[in-house]
Amino acid sequence: MRLDKNFYRQDAVSLAKDLLGKLLVREYNGIRMVAKIVETEAYMGPIDKASHAYNNRKTNRTVTMFKDGGYSYVYFIYGMYNCLNVVCSDEGTPEAVLIRAVEPLEGIEHMKEHRTIKSKRVEDITNGPGKLCKAMNIDRGLNGCDLIAGKELYIVAETENVVTVNTVEYKEQYLNEEFSLIKATNKNFEIIATRRIGIDYAEEFKEQFWRFYIRGNKFVSKDAEKIKKRPV
DNA sequence: CCTGCGATCGTCT
DNA sequence: GACGATCGCAGGA
């Protein structure tokens, strides 16, 4: 079941939490890959010094962030990597949610083929924003995709008809003042909220707990793993 | 396990 | 001309 317009018209912080547990689907040439979203970051548009669209900065790159909720925003970074965002809020309000990590559920053999790394750890295929784009064959050609009606890239809410290929044992983790723990009654997992990654330039917005991930999920990004192991 | 470093080029000033 | 919403590898513990 695809998510509808109302779902994407939320603010980025709300949507970043709501996207956890949803399924990202990538289809092309008869290939189908499905992965559960396990880590996200909110970029709150005009007010957020970490956002590409801070102060309503509108350029060739950021123009897709100004679209109505429900489109993709894919950008190229560090000369090598692509990152996938979900544009949210209303048209003219440039908010977006960065997808930072996913858990492969279907088509994992295709994801492995797209990645050329020595590591044999399954988690290393998709536990970072650049990694998951490479694994799921997502690049700037998919910038501005319609996630509600498009066929190549979309997001669904249910796990029905999906075969889980990974058997994962989740471990508990420590908490300290660097986190918030979010328990939502309508979700079967808990959410950790903490600081965002790689935005040292963002001044006071570095301190916002606008990164969210599923507590105990082993496919969260390297940094989240690290925090997980930090003693209380 | 963890740390440090270089890769590599589009984007914006 | 400088830098980035990152990654993979080498090397040490």
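Quick note, the first sequence lines up with residues 129 to 360 if you use my numbering. Just so it is clear, CB atoms sit at the ideal spot from N, CA and C, and this is done for glycine as well.
Check	Outcome
Apart from the five residues just before and just after residue 178, which ones in its own chain have a Cβ nearer than 7 Å to its Cβ?	171, 324, 327, 330, 333
Drop a sphere of 10 angstroms on the beta-carbon of residue 200, count the other beta-carbons inside from all chains shown, and report buried for 16 or more, exposed for fewer.	buried
Less than 8 Å between C-beta atoms, sequence neighbours within five positions excluded: which residues of the same chain meet that for residue 220?	194
Have a look at residue 351 and residue 206 and give me their C-alpha separation to the nearest angstrom.	18 Å
Smallest Cα separation from residue 174: which of 202, 168, 223?	223
Is it true that the stretch 258-270 meets the stretch 147-163, where meeting means three or more beta-carbon pairs spaced less than 8 Å apart?	yes
Please identify the residue among 247, 149, 157, 156 whose C-alpha is closest to the C-alpha of residue 168.	149
Measuring alpha carbon to alpha carbon, tell me which of 153, 212, 197 ends up nearest residue 143.	197
Note the first and the last residue of the continuous beta strand (DSSP E) segment covering residue 281.	281-284
When you compare each of 218, 260, 308, 337 to residue 235 by their alpha carbons, which one comes out closest?	260
Leaving out five residues on either side along the sequence, give the residues of the same chain with a beta carbon under 8 Å from the beta carbon of residue 257.	209, 211, 212, 226, 227, 228, 229, 349
Less than 8 Å between the beta carbons of residue 145 and residue 340, yes or no?	yes
Does DSSP put residue 240 in a helix, a strand or coil?	helix
Tell me where the alpha helix (DSSP H) around residue 261 begins and ends.	257-263
Within the continuous beta strand (DSSP E) that includes residue 311, where are the two ends?	308-311
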